[in-house]
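S.K.: Questions regarding the structure given below will be posed in turn.
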Amino acid sequence: MTNAATAPLEEGPSKGFGQITLLSHDDRLKGRPRLCSDCGLCDSALKPSMPQACMFVDNRTQAIEQRLHGRNRQPDDELRFGIYRAQYAARMRRPNPQAQWSGIVTALGARLLEQGKVEAVITTGAAPGTRFKAQPILARTAAEVLATAGNKPCLSPNLSLLDSVREQGIKRLALIGTSCQVHALRAVEAELGLEQLYVIGIPCSDNVAYEDLTYFLTQVSRSPETVVHHEFMQDFSLWMRHEDGHVERLNFVDFPMDKLHGIFPSACLSCFDYPNALSDLTVGYMGAELGWQWVLARTERGEELFELMRPDLEIGELTERGDRRRGMPRFMERLTHPPGAKRPPFLIRKLVAMLQRRKGPGGLEFARAVIEMKLLRNLNYVRGKFARLEPRVVPYHVYQTLEPYAEPYREIFGRALADES
Ligand SMILES: Cc1cc2nc3c(=O)[nH]c(=O)nc-3n(C[C@H](O)[C@H](O)[C@H](O)COP(=O)(O)OP(=O)(O)OC[C@H]3O[C@@H](n4cnc5c(N)ncnc54)[C@H](O)[C@@H]3O)c2cc1C
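Residue numbers (our numbering): 107 to 527.
If you want it as C-alpha cells, here you go:
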C-alpha cells in the first residue's frame, strides 16, 4: 500500500508557517474553541459539555485526579509522570510485527473483548487507501482491534464515536486514546451511563493534522512515500522504516526546524499532559530503554489491565542515567530564539548528536527530560500566544514541576515562573 491517495504536500504546511495549523480544517472546526485538537467530542451529542470537558478551555486535571485517586500529585516523579501505582519496562513475548512497538496496547484491547470485559473498544485505524490517516474505529471483535496496531501519527477525532456507543447500547467500553481525548472522556464519564470504562492511554506530544504529517515526511525523509513506520526514539533520533525494511535515521538536531515550525497545532503546543496522566494504564516507551515499552498502572483498573497482560509480557528493568537538569538552562535559552532560527553547522550538529547519545539522559531520566522540556516550551507558548488563557489551561503541576528552574527562568525570560500574586 502506498500513500499515493494523499500525495505529500511538498509546498509547505497546509496553512503556512507560523499560523494555527488546525485552521487548515476551517470548515470542520467552525464554532470550536481557538485551541482545538479535534478530539471528536464536538462531533458527538455531548458537544454542549465541551466547555467543561475540553482541556484547552478548562483544564480539570486537578479535579479529575481527586476523583480517580482521592488526591493530587506528590513530589517527585508523580509531578512529571502523573499519579501511578506501579511502573514497568515490558514488552510482548511475541511482538506483533504490525505494532508500533511490541503491540501491548492492541493485544490488551483484544483481550478485553475476548474475555467479555468490554463490548467494544474505541481505537484508531487507518483510513482506506492510506497508511497513516487516522480513522476512529469502534471495534467489537479482537480481530478488529488487532487490525488497528501501529500509530497513525495525526489527530484523530476518536470521541466522535461516543454517539455510536450510545446507539449500540454499549455499557462496557474501553478507549485507547491520547491525553486530550482522555481528559474529555473523564470529564463526561458520568454522562455516558456506562457500567465499565477502561482507559488505555498512549503518551502523545506534538501531534499534527494528517496533511502536515505528509508534509513533515517530505522534509525529513529521502523517500517519504515508502515510510511504513516511524518513531521519535530515545536515542535522540527519528527512525523511519521503509517498505523494503531498511531504517533511515535522522538526528533530532538535524531536523529542518525552519521548515517545520508551522506544522504543530496550537492545541498540542498548549498541552500539559504528555504522559496521559488521567488514563488507567499508560503504555508508551519513553521511560524505558530502547526496545522496551514503558507501562504505568495508575488506578486499580489499570493494575487489573496490567495483570491481564502479564502472562504475555517479558518484564525488563527500569533504568536511569545522566542529569537532565544540566541541559535545561540551554534549552530555555534556545526558546528565546525565533522559531526556525538557522541551524548550527553540520559538524557541530554531529557533535551535539553524539554527546546527546553518550552523555544525555537515558531511561526514566530521558522521560523526565522530555516531559519537562515540553512543559516549559508549552508554558511559554501559552504565555506568548494565548496569555489570557493561562489560568484556565495550565494545570497546577506545571509550576511545581518546573520550580527547580525558577531562577534561570527569571533570568532568561525576565519574569517569574509562577504568578506570585
Ligand atoms: C501521535 C503520537 C505520538 C506519540 N508520542 C509518544 C512519545 O513521545 N512517547 C511515548 O512514550 N509514546 C508515544 N506515543 C505512543 C507510542 O508511539 C505507542 O503508540 C505506544 O507505546 C503503544 O505501542 P504498542 O506497540 O503497544 O501499540 P499497538 O499495539 O501498535 O497499538 C497502537 C495503538 O495506538 C492507537 N493510535 C494510533 N494512532 C493514534 C492516534 N492518532 N490517536 C490515538 N490513538 C492512536 C491505536 O488505536 C492502537 O490501539 C505516541 C503515539 C502517537 C499516536
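Built from N, CA and C at the ideal position, the CB exists for glycine as well. Keep in mind it's a predicted model, so treat the numbers as computed, not measured.
Under the three-state reduction of DSSP, which class applies to tyrosine 316: helix, strand or coil?
M.R.: Taking the first residue of the sequence shown as position 1, residue 316 is located at position 210. DSSP places tyrosine 316 in helix when its eight states are reduced to three.
S.K.: Measure the C-alpha to C-alpha separation of proline 514 and arginine 407 and round it to an integer number of angstroms.
M.R.: On the sequence shown, residue 514 is found 408 positions in, with the first residue counted as 1. On the sequence shown, residue 407 is found 301 positions in, with the first residue counted as 1. Taking the straight line joining both Cα atoms gives about 41 Å.
S.K.: Within the continuous alpha helix (DSSP H) that includes tyrosine 391, where are the two ends?
M.R.: Stepping through the sequence shown from its first residue, residue 391 is reached at position 285. First-last for tyrosine 391: undefined, no H or E at that position.
S.K.: Where do the ends of the alpha helix (DSSP H) carrying methionine 479 lie?
M.R.: Start at 1 with the first residue of the sequence shown, and residue 479 comes out as number 373. Here the alpha helix (DSSP H) through methionine 479 covers 470-491.
S.K.: Less than 9 Å separating the beta-carbons of arginine 474 and arginine 430?
M.R.: Here residue 474 corresponds to residue number 368 of the sequence shown, with the count starting at 1. Here residue 430 corresponds to residue number 324 of the sequence shown, with the count starting at 1. A contact, by the Cβ cut-off of 9 Å.
S.K.: Can you give me the C-alpha to C-alpha distance between lysine 136 and proline 371, rounded to a whole angstrom?
M.R.: Residue 136 sits at position 30 when you count from the first residue of the sequence shown. Residue 371 sits at position 265 when you count from the first residue of the sequence shown. Each residue's Cα considered, the two are about 16 Å apart.
S.K.: Pair every Cβ in the region 352-360 with every Cβ in the region 397-416, then say whether three or more of these pairs are closer than 8 Å.
M.R.: no
S.K.: For histidine 348, name the three-state secondary structure that DSSP assigns.
M.R.: For the purposes of this step, residue 348 is taken as the residue at position 242 of the sequence shown. Residue state, collapsed to three classes: strand.
S.K.: Rounded to whole angstroms, what's the CA-CA distance from glycine 362 to glutamate 317? Just pull it up for me.
M.R.: Against the sequence shown, residue 362 aligns to sequence position 256. Against the sequence shown, residue 317 aligns to sequence position 211. Looking at the sequence shown, residue 362 is not glycine but proline. Here the alpha carbons of glutamate 317 and proline 362 stand approximately 18 Å from one another.
S.K.: Tell me the DSSP bridge mates of isoleucine 228?
M.R.: In the sequence shown, residue 228 corresponds to position 122, counting from 1. Looking at the DSSP assignment, isoleucine 228 forms a beta bridge with Leu244 and Leu281.
S.K.: Based on DSSP bridge pairs, tell me the residues matched to alanine 196.
M.R.: As a working note, residue 196 is residue 90 in the sequence shown. Residue pairing of alanine 196 in beta bridges, as defined by DSSP: Gln399 and Ile421.
S.K.: Measuring straight from C-alpha to C-alpha, what distance separates tyrosine 502 and glutamate 349?
M.R.: In the sequence shown, counting from the first residue as 1, residue 502 sits at position 396. In the sequence shown, counting from the first residue as 1, residue 349 sits at position 243. About 44 Å.
S.K.: In the DSSP output, which residue or residues are listed as bridge partners for leucine 387?
M.R.: The sequence position of residue 387 within the sequence shown is 281, counting from 1. Note: leucine 387 sits in a beta bridge opposite Ile306 and Ala403.
S.K.: If you drop the 5 nearest sequence neighbours on each side, which residues of the same chain put their C-beta closer than 7 Å to that of valine 326?
M.R.: As a first step, residue 326 is located in the sequence shown; it is residue number 220 there, counting from the start. Excluding residues within five positions, the ones whose Cβ falls inside 7 Å are Leu344, Leu356 and Phe361.
S.K.: Closer than 8 Å: is that where the CB of tryptophan 400 sits relative to any heavy atom of ligand 1?
M.R.: If you number the sequence shown from 1, residue 400 lands on position 294. At least one heavy atom of ligand 1 is found less than 8 Å from the C-beta of tryptophan 400.
S.K.: Would you call aspartate 386 buried or exposed, if buried means 16 or more other Cβ atoms sit within 10 Å of its Cβ?
M.R.: By 1-based counting over the sequence shown, the position of residue 386 is 280. Classified as buried, aspartate 386 has 16 or more neighbouring CB atoms from the shown chains inside 10 Å of its CB.
S.K.: Are the beta-carbon atoms of arginine 173 and glutamine 506 separated by less than 9 Å?
M.R.: As a first step, residue 173 must be located in the sequence shown, where it is residue number 67. As a first step, residue 506 must be located in the sequence shown, where it is residue number 400. Not closer than 9 Å, so no.
S.K.: Going by the C-beta, is proline 417 closer than 8 Å to any heavy atom of ligand 1?
M.R.: What you label residue 417 is simply residue 311 of the sequence shown in a count that begins at 1. Proline 417 Cβ: outside cutoff for every heavy atom of ligand 1.
S.K.: Return the first residue and the last residue of the alpha helix (DSSP H) that arginine 498 is part of.
M.R.: As a first step, residue 498 must be located in the sequence shown, where it is residue number 392. Here the alpha helix (DSSP H) through arginine 498 covers 496-499.
S.K.: Between the C-alpha atoms of leucine 508 and threonine 442, what's the straight-line distance to the nearest angstrom?
M.R.: What you label residue 508 is simply residue 402 of the sequence shown in a count that begins at 1. What you label residue 442 is simply residue 336 of the sequence shown in a count that begins at 1. Going from the Cα of leucine 508 to the Cα of threonine 442 covers about 17 Å.
S.K.: When the distance is taken between beta carbons, is alanine 253 closer than 9 Å to alanine 240?
M.R.: The residue you call residue 240 lines up with position 134 of the sequence shown. The residue you call residue 253 lines up with position 147 of the sequence shown. Result no, Cβ atoms of alanine 240 and alanine 253 do not sit closer than 9 Å.
S.K.: By how many angstroms is the C-alpha of serine 262 removed from the C-alpha of valine 488?
M.R.: Stepping through the sequence shown from its first residue, residue 488 is reached at position 382. Stepping through the sequence shown from its first residue, residue 262 is reached at position 156. Roughly 23 Å between the two C-alpha positions.
S.K.: Candidates Asn264, Cys374 and Arg449: which alpha carbon is nearest aspartate 312's?
M.R.: Position 206 of the sequence shown holds residue 312. Of the listed residues, the one whose Cα sits closest to aspartate 312 is Cys374.
S.K.: Ignore the nearest five residues each way along the sequence and tell me which others in alanine 110's own chain have a CB closer than 6 Å to its CB.
M.R.: Along the sequence shown, read from residue 1 onward, the residue named residue 110 stands at position 4. Unreliable placement is indicated for alanine 110, whose pLDDT of 37 sits below 50; no coordinate value is reported for it.
S.K.: Comparing C-alpha positions only, which one of Glu295, Glu337 and Leu482 sits nearest to alanine 522?
M.R.: Position 416 of the sequence shown holds residue 522. Answer by Cα proximity: Leu482.
S.K.: Got a sec? Which residues, its chain only, sit under 6 Å from alanine 113 by beta carbon, not counting five neighbours each side?
M.R.: Here residue 113 is taken as the residue at index 7 of the sequence shown, counted from 1. Since pLDDT at alanine 113 reaches only 43, below the 50 mark, its modelled position is unreliable, and no value is offered.
S.K.: What's the call for threonine 108, buried or exposed, on a 16-neighbour Cβ count within 10 Å?
M.R.: For this step, residue 108 is matched to residue 2 along the sequence shown. Here threonine 108 scores only 36 on pLDDT, less than 50, and its place in the model should not be relied on; the value that follows carries that caveat. Under this definition threonine 108 is an exposed residue.
S.K.: Return the chain-ordered list of same chain residues with a C-beta closer than 8 Å to the C-beta of arginine 516, the five sequence neighbours on each side being excluded.
M.R.: Here residue 516 refers to the residue found at position 410 when the sequence shown is read from its first residue. Ala522 and Leu523.
S.K.: Apart from the five residues on each side of it in sequence, which residues of its chain come closer than 7 Å, Cβ to Cβ, to serine 150?
M.R.: Position 44 of the sequence shown, counted from the start, is the residue given in the question as residue 150. Around serine 150: Leu265, Ser266, Leu268 and Asp269.
S.K.: Following the continuous alpha helix (DSSP H) through phenylalanine 437, name the residue where it begins and the one where it ends.
M.R.: Sequence index remark: in the sequence shown, residue 437 carries index 331 (1-based). Taken as a continuous stretch (DSSP letters only), the alpha helix (DSSP H) holding phenylalanine 437 covers 434-441.
S.K.: Quick check: the Cα distance between asparagine 484 and arginine 440, rounded to an integer number of angstroms?
M.R.: Here residue 484 corresponds to residue number 378 of the sequence shown, with the count starting at 1. Here residue 440 corresponds to residue number 334 of the sequence shown, with the count starting at 1. Going from the Cα of asparagine 484 to the Cα of arginine 440 covers about 14 Å.
S.K.: Per DSSP, arginine 355 is paired with what?
M.R.: Working through the sequence shown from its first residue, we reach residue 355 at position 249. Per DSSP, Trp345.
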